[in-house]
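Residue numbers (the working numbering): 7 to 114.
In this text, a Cβ means the ideal position worked out from N, Cα and C, and glycines have one as well.
In this text the structure is predicted, and so the values were computed from the model without any measurement.
Notes for the one structure printed next.
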């Protein structure tokens with residue numbers, strides 16, 4: 007195999023086997039063209055199609071959820087954020103009225 011990297015075989019086995027027993031299944035229905043695309047990409051990455059799909063779907067899921075689970079600020083902004091959190095509560099007269107208004111999601 008041209009350009010073969012021996013360490014990729016170890017990576018493929020590690021990704022395919024994982025560390026624990028897999029007991030759950032996820033089945034997909036897809037068009038033949040999508041299947042061929044996934045198979046070709048997996049082969050190019052020296053992975054099984056299942057390992058390729060699982061790896062990339064997991065990365066995509068983490069990226070989608072990242073802004074819901076991680077909060078990152080530069081040091082100077084973090085300090086300002088912590089100061090705001092530490093302030094005493096302040097009444098906001100317009101907020102109660104705003105929140106009492108019907109939402110666009112409320113059914114009429």
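Using CA atoms only, rank isn't needed, just tell me which of the options is closest to residue i.
{"i": "residue 43", "options": "113, 27 and 58", "result": "58"}
{"i": "residue 37", "options": "45, 106 and 30", "result": "45"}
{"i": "residue 63", "options": "97, 82 and 32", "result": "32"}
Return the chain-ordered list of same chain residues with a C-beta closer than 8 Å to the C-beta of residue i, the five sequence neighbours on each side being excluded.
{"i": "residue 35", "result": "none"}
{"i": "residue 18", "result": "Here the model assigns residue 18 a pLDDT of 49, short of 50, so the residue's position is not dependable, and the following value carries that caveat. So the list reads 52, 53, 54 and 57, once near-sequence residues are dropped."}
{"i": "residue 80", "result": "none"}
Ignore the nearest five residues each way along the sequence and tell me which others in residue i's own chain have a CB closer than 7 Å to its CB.
{"i": "residue 87", "result": "79"}
{"i": "residue 27", "result": "none"}
{"i": "residue 47", "result": "58"}
**OP:** Return the chain-ordered ranges of every alpha helix (DSSP H) run that is complete within the region 24 to 55 and spans a minimum of 4 residues.
**Re:** 38 to 50
Subject >> Residue ranges of each alpha helix (DSSP H) within the region 69 to 95, 4 or longer >> reply: 81 to 92
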